[in-house]
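Worksheet: one structure, shown below.
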Amino acid sequence: MESVLEIKNLNKSFGSNHVLRNFSLTLYKGENIVVLGRSGSGKSVMIKCAVGLMKYDSGSIKVLGQEIKDLNAVELDALRVKMGFVFQSSALYDSMTVGENLEFPLRRNRPDLRKSEMDDIIKETLDNVGLYYAINLLPSELSGGMKKRVGLARALVLKPEIVFYDEPTTGLDPFTSSEISKLMLEMQNKYNTSSITISHDMYCARITGNRLVALIDGTNYAEGTFEELQNSEDEKIKTFFTHGLGKRK
Amino acid sequence: MVGGSLFIKLVKQLLPLKWKKQLEETGDIGRFTIRFFREFWRRPYEFREVVRQCFLLGYKSFPLVGITTFIIGLVLTIQSRPTLERFGAEAWLPAMVGISIIREIGPVLTALICAGKIGSSIGAELGSMKVTEQLDAMEVSGTNPFKYIVVTRIIATTFMLPVLVVTGDAIALYGSYLGVNIGDTVSFKLFYQQVFESLEYADALPAFVKSFFFGFAIGLVGCYKGYHSQKGTEGVGRSANSAVVVSSLLIFIIDLIAVQIADFLGIT
Ligand SMILES: Nc1ncnc2c1ncn2[C@@H]1O[C@H](COP(=O)(O)OP(=O)(O)OP(=O)(O)O)[C@@H](O)[C@H]1O
Ligand SMILES: [Mg+2]
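Just so you know, the sequences run in chain order P and Z. Counting from 58, one number per residue, gives the positions in the first sequence under this note's numbering. Counting from 14, one number per residue, gives the positions in the second sequence under this note's numbering.
This is the structure we're talking about:
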């Protein structure tokens with residue numbers, strides 16, 4: 058199978074805080090990997106390194122065959138257009154309306170499009186997340202779940218090949234978070250993306266993840282399908298399931 | 014080279030912590046400035062955003078600048094009159110007030126007002142964009158936030174401040190004209206004639222030139238503070254606050270340096 062993202066022996070530390078130690082992971086085309094890990098274990102740091110938001114100390118990250126470290130600013134920007142990023146905090150531009158939030162990446166990266174074509178894409182993407190009616194609202198007027206959905210729409214508007222979801226369902230009620238999980242699944246099939254999802258939400262991990270990776274002590278501690286990890290005898294892995302699943306369903 | 018780094022290490026050891034932080038921050042601002050000039054020349058030039066920022070930061074400050082400079086022009090005139098009268102020199106009132114406004118009070122007052130209004134708004138805006146990861150979001154969607162947010166704002170403040178200063182000067186002079194007319198009647202034309210007869214090229218030029226530096230300092234400090242905001246909403250408040258404090262201080266320092274340079278060049 059063709060790999061779209063290859064992380065090898067990634068190391069990253071902040072001062073004496075050694076967050077990632079020889080972390081490795083390979084994402085294949087069309088696959089969704091869910092990364093599990095305790096709060097503060099370095100999950101966000103890992104995907105931020107992958108999109109070039111953070112510099113890593115050593116190791117290699119290859120996205121669509123290109124080594125992130127070796128790219129200059131222009132090449133990195135070109136590559137980033139093929140990656141979508143859904144932030145833990147949504148990170149919507151709060152001076153812009155929902156529509157403008159989606160228009161911004163389009164206008165900046167697709168100067169070839171006419172205004173009407175952009176409007177069509179924006180409408181289609183917002184329709185997909187069920188928020189076309191909110192196109193003229195400001196982020197401050199949205200609920201948490203709506204913000205997450207707009208964040209999702211904004212990440213998908215450029216039709217990226219790889220999408221990173223940083224805790225897309227955290228902080229939402231069970232009903233909304235299962236809705237978001239279903240939406241992610243739907244979008245993955247529709248846009249044919251490969252993705253990495255960070256989640257503590259076992260329902261989300263079960264329905265969206267083809268493969269699960271447990272990030273423990275800065276390394277890829279274990280990986281496998283949901284069932285494989287669920288039936289694991291390892292104490293560290295068991296806790297994800299006993300604590301996570303216990304709350305849902 | 015080795016001796017140099019040893020020296021720096023030694024100094025670092027000996028300095029009290031607070032000073033060390035201050036020195037480090039000065040270095041950071043220096044790097045930030047260098048980055049500004051590097052990115053300034055790079056494409057894309059973000060012309061649209063520069064114009065939008067000129068409008069948002071510059072044009073919207075006109076009312077505040079107008080009111081304050083008008084009042085200062087008026088008050089300065091009223092308060093100078095008794096002193097000049099004592100020497101029998103009331104006729105010099107327009108000239109004296111005009112020179113103080115154009116040379117010093119106009120630029121510095123306008124810059125301070127803008128440090129308060131523009132500096133804090135840039136600091137708070139960028140600070141909240143930073144802590145809510147909006148700058149990161151921009152970066153991952155292929156737009157360089159330093160270029161799009163920081164460079165455009167610094168350009169806007171650098172070029173709008175002189176415009177604000179010139180307008181502020183004119184409004185202050187108008188205030189002064191009204192002030193003169195409280196005591197006796199002088200026609201508008203005569204007032205301006207008196208002001209401009211006493212003014213020289215050397216009065217206006219250094220004041221105009223230093224306005225660019227004031228504007229640059231306000232934009233730079235506001236952006237720097239916001240861009241390096243600490244996590245949390247408290248960090249945003251602190252960025253806005255220290256943007257005002259530091260840029261106000263810088264304005265006085267630039268003013269001091271400008272007067273020395275003008276003196277040195279013989280433009281006095
Ligand atoms: N910019 C930074 N500077 C210093 N330390 C950082 C920075 N970003 C993250 N860290 C540290 O790296 C570690 C991992 O952080 P990270 O945000 O990746 O955690 P996480 O696994 O995403 O947790 P959560 O589930 O709570 O989001 C933490 O100990 C954090 O303190
Ligand atoms: Mg995180």
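A virtual CB, placed ideally from N, CA and C, is assigned to each residue, including glycine.
Membership of P:Ser70 in the beta strand (DSSP E) is indicated by the continuous run 60-71.
For P:Lys119 and Z:Glu52, the gap between their C-alpha atoms comes out near 27 Å. For P:Tyr278, the enclosing beta strand (DSSP E) begins and ends at 276-281.
By the neighbour-count definition (other C-beta atoms within 10 Å, threshold 16), Z:Ile167 is a buried residue.
Here Z:Cys67 really is in contact with Z:Phe172; their C-beta atoms are around 7 Å apart, less than 8 Å. The DSSP-derived three-state label of Z:Phe49 is helix. Interface with chain Z (9 Å Cβ-Cβ cutoff): P:Asp134 is included. Secondary-structure assignment with DSSP links P:Asn74 through a beta bridge to P:Phe71.
A straight line joining the alpha-carbon of P:Glu243 with that of P:Tyr278 spans about 29 Å. The nearest non-hydrogen atom of ligand 1 is less than 8 Å from the C-beta of P:Asn74. Membership of P:Gly116 in any alpha helix (DSSP H) is not indicated; the residue belongs instead to the beta strand (DSSP E) covering 115-120.
In summary, Z:Pro175 is buried, with 16 or more beta-carbon neighbours lying within 10 Å of its beta-carbon over all protein chains present. With at least 16 other beta carbons inside 10 angstroms of its own, P:Leu77 counts as buried. Shown in chain order are the residues whose CB sits closer than 7 Å to a heavy atom of ligand 2: P:Lys100, P:Ser101, P:Gln145, P:Asp223, P:Glu224, P:Ile255. The criterion of a C-beta distance shorter than 9 Å is not satisfied by Z:Ile264 and Z:Pro219. Not a single C-beta of chain Z is nearer than 9 Å to the C-beta of P:Met58. Three or more Cβ pairs closer than 8 Å define a contact, and the stretch 208-219 of chain Z falls short of that threshold against the stretch 146-156 of chain Z. Beta-bridge analysis with DSSP links P:Tyr85 to P:Ser60. Across the structure, P:Lys112 and P:Ile125 are spaced so that their CA atoms are roughly 9 Å apart. Between Z:Ala124 and Z:Phe227, the gap from beta carbon to beta carbon is short of 9 Å. A direct Cα-Cα distance of roughly 15 Å separates Z:Thr165 from Z:Ile47. For P:Gly141, the enclosing beta strand (DSSP E) starts and ends at 140-143. About 5 Å separates the Cβ atoms of P:Leu133 and P:Gly109, confirming a contact at the 8 Å cut-off. Z:Leu27 and Z:Ile21 have their C-alpha atoms some 10 Å from each other.
The three-state secondary structure of P:Asp127, taken from DSSP, is helix. Your pair P:Phe71 and P:Gly275 does not check out as a contact, with CB atoms roughly 12 Å apart and the cut at 8 Å. Shortest Cα-Cα distance from P:Lys105 to any of P:Glu160, P:Thr154, P:Ile253 involves P:Ile253. Z:Ser133 has its alpha-carbon roughly 15 Å from the corresponding atom of Z:Leu77. By the beta-carbon neighbour count (other beta carbons within 10 angstroms, threshold 16), P:Thr182 is buried. Annotation note: the stretch 50-93 of chain Z contains no uninterrupted beta strand (DSSP E) run of length 3 or greater. For Z:Leu19, the distance from the CB to the nearest heavy atom of ligand 1 is not below 8 Å. Out of Z:Thr198, Z:Ile118, Z:Glu117, Z:Ser141, the CA that lies nearest to the CA of P:Asp151 is found in Z:Ser141.
Taking 9 Å as the CB threshold, Z:Thr39 stays off the interface with chain P.
With fewer than 16 neighbouring CB atoms inside 10 Å of its own CB, Z:Ser200 falls in the exposed class. Collapsing the DSSP output to three states places P:Arg95 in coil. In its chain, beyond the 5 residues on either side, Glu63, Ile64, Lys65, Asn66, Leu67, Glu124, Lys126 have a beta carbon closer than 8 Å to the beta carbon of P:Ser117.
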